Amino acid sequence: MHKQKLLEHLLYLLRGGGAHVDFEAAVKGIPVNVRGKRPRGIPYSPWELIEHMRIAQWDILEFSRNRDHQSPKWPKEYWPEKPVPHSAAAWTKSLGAFRKDLESMCALVSDPATDLSAPIPWGDGQSILREALLIADHNSYHLGQLILVRRLLGAWK
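For the sequence shown, the residue numbers in my numbering are 944 to 1100.
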């Protein structure tokens, strides 16, 4: 496959293209009173899912571009401490950081100097292609959960 076509497909997938809902659609209009609620029998709220996605995506991005990056401790530091955001500002900040880091990964993938298949020198066999696919897969998985949680809370169309 031509490199440009692979890049187009990868960016499409990272940004939520394909058979699943994208981040913007999944988070649009979540009512304030629902953000920290856990549906009966479900161990996470919309806030917990979004914040987990943000932390994991940030970790993968930083690993991909920073030799000195230290990952959070699994699993405790990959999830927020409480099901409810501290404030409306915390909610907004998390959404903004998620968007920024996603675009940073897209920029890394798009950089002509990036060899998508080369092993990351400080990794143990990972490549930028693998890390980008990991972000796309992880985000897709948790966006599906977010939609289910919203449905169970009566906050999805």
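The C-beta atom is built at its ideal place from N, Cα and C for all residues, glycine as well. These figures come from a predicted structure and were not determined experimentally.
When only Cα atoms are considered, residue 1038 and residue 993 end up about 8 Å apart. DSSP, reduced to helix, strand and coil, places residue 989 within a helical segment of the structure shown.
Scanning 1059, 1085 and 1024 for the CA closest to the CA of residue 945 turns up 1059.
Secondary structure at residue 1083: helix, using DSSP grouped into helix, strand and coil. In the three-state reduction of the DSSP assignment, residue 1014 falls in the coil class, being assigned neither a helical nor a strand state.
Shortest Cα-Cα distance from residue 1032 to any of 978, 957 and 1018 involves 978.
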